[in-house]
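The structure appears below as structure tokens.
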Amino acid sequence: MSAPNTPLPQHPSLSAAPAEGDDEGATQIHNPDLTFSAAEKLEVGPTAASVPPAPTPAPPQPDDMDSDTMIMPGYDATLVLRPRPTPEPVSHEVQEPAALPEDEQTRVIGADDVSPTLAAAVAAAQAAARTPPQPVQPAQSAESAESTAAPATAAPAQAAEPAGQATQPRQVGRYRLLERLGRGGMASVYRAHDPSIGRDVAIKFLHRTLCEDEDCRSRFLREARAAGALSHPNIVVVHDVGEIDDQPYMAMELLEGQSLAERLDSKEPLSIRQVLALGIQLARALDYAHANGVVHRDIKPGNIMLQGKDRRVKVADFGIAHVEGAGAHQQTMVGSILGTPQYMSPEQTRGEKLDGRSDLFSAGVVLYQALTGHRPFRGDNLVAVAQQIAAAEPPAITSLRPDCPPALRRVVERCLAKAPAQRFATGAELEQALRKVLTELAEQEQGKQRSGLLSLRVKWAGMMALVVAAVMGLTTVFIAQRQYQALETQASGYGASLARFMAAQNAAAVLGEEWDLVEIAVQETMRTRNFERITVIDSNGQVRASSIAGLAGLPYEAPPGEDLAELPGGVVSNRYNTASGTVLGFEAPVSFGGRQVGRLALSIVEKPLTEVARLSVMLMGVLALVTVLAVGVATFFLVNWFSRPIKLMIDSMGELAKGNLTHRIAESRKDEFGQLYAAFDALAVALQRRDSPEPPTSPSLSLTVASADMKGTPAVPLQSAPDAPPAAQP
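The numbers in the working numbering rise by one with no breaks, and the one at position 522 of the sequence shown is 686.
Written out as structure tokens, the structure is:
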């Protein structure tokens, strides 16, 4: 039975709340005797006894409100519940729509937006209370109840509401209906075939219970035609709009892919590139719709379709879109709420007039969920969700997705700004920001550097490495030289001491010219010591004993070489080369009783000294190389850490240069960069105030909700400012 369009009645124990498991847009009316969906066709069964009409009490004041009073912003009346005894319970048949996902069930519809729907439902309840008593009929299915509601002579079979139990396909214009695909709170969707071009389409019919209201009908047709005027690759195409037997319909593109909601439910995270591609296409579609005066108002994963292998985005369901323009008035008045709660903007929860920036907030929620796998605002009921949307900051993206680029994080956070003025002004700006992130990501992956610009990371790291290498090189050379000199001095002292000792040991034999004993002493010393040669010369300069065969009896000739310093005890040292390498020579006098009776020449191989010096130099070189590498790498990462804030400042200055005075860095750091960020934000605020001397203040949030799961609890107002006055009650 269709209900006429009547004003809202005042009825006992009446409350409006989202229907559990109901479709989007459906509002239920609850009391002990009545349960029905305002957005669905109502079938009222006959009652066993009539119920007298209720008197009309005066609306209570806020202080008089109790748990039986429900106030919703935007309604023209306060519904006060006063129980009234009934002889027997009233039976009502309720048409059950298909259940929606849990996260999309909660929806509150303001009276100024869909007042005809709620008025028709309440009027039907009032008429049911006055119906004469009749026998109670058995329950009907939702579809058979809908068929019963239509008069038998109202229209031919082809014009009947498609939800009926039809056994044969029906014709709607040139479209041949095949099967029902889904049913929502305002409309049903069918698969149909267009034989003229041989393709399948989707046809959406406004529910017949809503067709009787001219405002609802005209809005459906106007918004359908507005969506049909949108021709964009990322928006679902509307092929046709019309009416059949006073029932509006629209024929749309049939989408065969999966929705983003289904993709996110697969638990397989989207890559950063996939999220960027999704955001760019979504921003492009919203920018086109906003430029044509259409605000979607219900952007969510369920309304974003992914098509084909390239996962092209298609924005669907403009069913609650608002059309701006000279010929369209604002349907949603202050206080009305329309949309899916978890994806609403703060101004949308307050029922304020919306523009395209509200859609961009919802797009930010979608991007946040696509990145992290979680919705930023969650709660057990609409009140909790609305509180979070209005005042709470979502969990940091980096805590849920550590690999998210900082630039992408800032884009999403800007979309989720509470004040519309702090978000992107248009979808084109959002698209440009996402494309910039995509470009930066590609540059990082490919290792590209800007043309003609040497990165500070490379420049500073190279400079520090060169400085450290030079210092370490000079230090190594200096230390090696000093070490070799020390070794040479030590070896010279050691050689001179041995030469003097051996000269003293053989002085008596040389004095007595016992050359055989001297020869034996020389050979024994050569076997026990690592000397290059030993030569004993008499006072006449003739070789008397030598470790080199064939020199005995020959005049002594000192090997040519480099003369070194004269050492204590009359020892003379020099350096010369032999077949075995460079040696150090020491020549000491042989004295007995204070009289020199001969000389002794001793040579030591220099190779052990050079090997020690070479090993020292090599170790110093390794130490220098490790130090240079460590300094270079540390400098690279240090400068990279410094370059990020610098790049952020460059990008932010670029935003100001483009005229985007709403751009803020909004990052807190306890260092000089934090002071720089704060100074930039202060500059941006000053520039914005100069252009807008009196920026609008954000209105206080006032939202009063009565929900089915909050029965018996007084209505709770939400206010964004503690000193804001309470919401005025109608």
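For glycine and all other residues, C-beta sits at the position ideal for the given N, C-alpha and C.
If residue i sits next to residue j, beta carbons under 8 Å apart, how far is it from one beta carbon to the other, in whole angstroms?
i: residue 895; j: residue 628; result: This structure leaves residue 895 out entirely; the chain is present only between 165 and 894.
i: residue 812; j: residue 829; result: 7 Å
i: residue 413; j: residue 421; result: That belief does not hold up - the Cβ atoms of residue 413 and residue 421 are roughly 23 Å apart, past 8 Å.
i: residue 807; j: residue 620; result: 5 Å
i: residue 781; j: residue 625; result: With 8 Å as the limit, residue 781 and residue 625 do not qualify as a contact, their Cβ atoms being about 27 Å apart.
i: residue 467; j: residue 394; result: Between residue 394 and residue 467 the Cβ distance is about 14 Å, and since that is not below 8 Å, they are no contact.
i: residue 354; j: residue 370; result: Contact flag wrong, Cβ pair sits at about 13 Å.
i: residue 731; j: residue 739; result: Their Cβ separation, rounded to whole angstroms, is 13 Å, which puts residue 731 and residue 739 out of contact at 8 Å.
i: residue 424; j: residue 465; result: 4 Å
Between the Cα of residue i and the Cα atoms of the options, which residue gives the shortest distance?
i: residue 531; options: 344, 568, 511, 723; result: 568
i: residue 550; options: 849, 351, 511, 734; result: 511
i: residue 481; options: 352, 334, 744; result: 352
i: residue 708; options: 682, 695, 449, 722; result: 682
i: residue 603; options: 367, 440, 798; result: 440
i: residue 429; options: 409, 334, 536; result: 536
i: residue 668; options: 752, 607, 731, 446; result: 752
i: residue 710; options: 854, 404, 696; result: 696
i: residue 676; options: 657, 776, 338, 703; result: 703
i: residue 404; options: 338, 464, 461; result: 338
i: residue 724; options: 446, 712, 732, 742; result: 742
i: residue 762; options: 740, 671, 799; result: 671
i: residue 754; options: 715, 700, 788; result: 700
i: residue 582; options: 522, 433, 854, 673; result: 522
i: residue 775; options: 347, 651, 476, 389; result: 651
i: residue 373; options: 410, 357, 622; result: 410
i: residue 840; options: 445, 469, 814; result: 814
i: residue 823; options: 849, 831, 452; result: 849
i: residue 792; options: 714, 367, 637, 834; result: 637
i: residue 558; options: 571, 566, 529, 575; result: 529
Let me know the secondary structure DSSP gives residue i once reduced to three states.
i: residue 816; result: helix
i: residue 843; result: helix
i: residue 368; result: strand
i: residue 822; result: coil
i: residue 432; result: coil
i: residue 442; result: helix
i: residue 762; result: strand
i: residue 303; result: Only weak support is given to the placement of residue 303: the predicted model assigns it a pLDDT of 34, under 50, and the value that follows is read from those uncertain coordinates. Residue 303 falls in the coil class under three-state DSSP.
i: residue 400; result: coil
i: residue 648; result: helix
i: residue 469; result: strand
i: residue 720; result: coil
i: residue 463; result: coil
Would you mind reading off the limits of the alpha helix (DSSP H) that contains residue i?
i: residue 688; result: 679–692
i: residue 506; result: No alpha helix (DSSP H) holds residue 506; DSSP gives it neither H nor E.
i: residue 672; result: 671–675
i: residue 523; result: 520–536
i: residue 117; result: This structure cannot settle anything about residue 117, because the visible part of the chain is limited to 165 through 894.
i: residue 555; result: 546–555
Going by beta carbon distance, what residues of the same chain come within less than 7 Å of residue i, once the five residues before and after it are set aside?
i: residue 750; result: 659, 660, 663, 735, 737, 766
i: residue 564; result: 536, 538
i: residue 553; result: 508, 510, 513, 541
i: residue 447; result: 527, 591, 594, 595, 598
i: residue 855; result: 825
i: residue 777; result: 644, 647, 648, 651
Under 6 Å Cβ to Cβ from residue i, same chain only, skipping five residues before and after it: list those, please.
i: residue 861; result: Its pLDDT being 45, under 50, residue 861 is placed unreliably in this model, and the value from its coordinates should be taken loosely. Contacts found: none.
i: residue 588; result: 524, 594
i: residue 400; result: 416, 417, 478, 480
i: residue 585; result: 826
i: residue 746; result: 770
Would you mind reading off the limits of the beta strand (DSSP E) that contains residue i?
i: residue 750; result: 745–756
i: residue 710; result: 707–710
i: residue 478; result: 476–479
i: residue 334; result: Element bounds for residue 334: n/a, residue is neither H nor E.
i: residue 412; result: 411–417
i: residue 737; result: 735–742
i: residue 699; result: 697–702
i: residue 346; result: 339–347
i: residue 352; result: 351–358
i: residue 726; result: 726–731
Checking contacts by CB at 8 Å: is residue i closer than that to chain B?
i: residue 673; result: As a matter of chain content, chain B is missing from the structure shown, which is built from one protein chain.
Leaving out the 5 sequence neighbours to the left and right, which residues in its chain are closer than 8 Å to residue i when beta-carbon positions are compared?
i: residue 643; result: 780, 784
i: residue 431; result: 537
i: residue 445; result: 398, 476, 477
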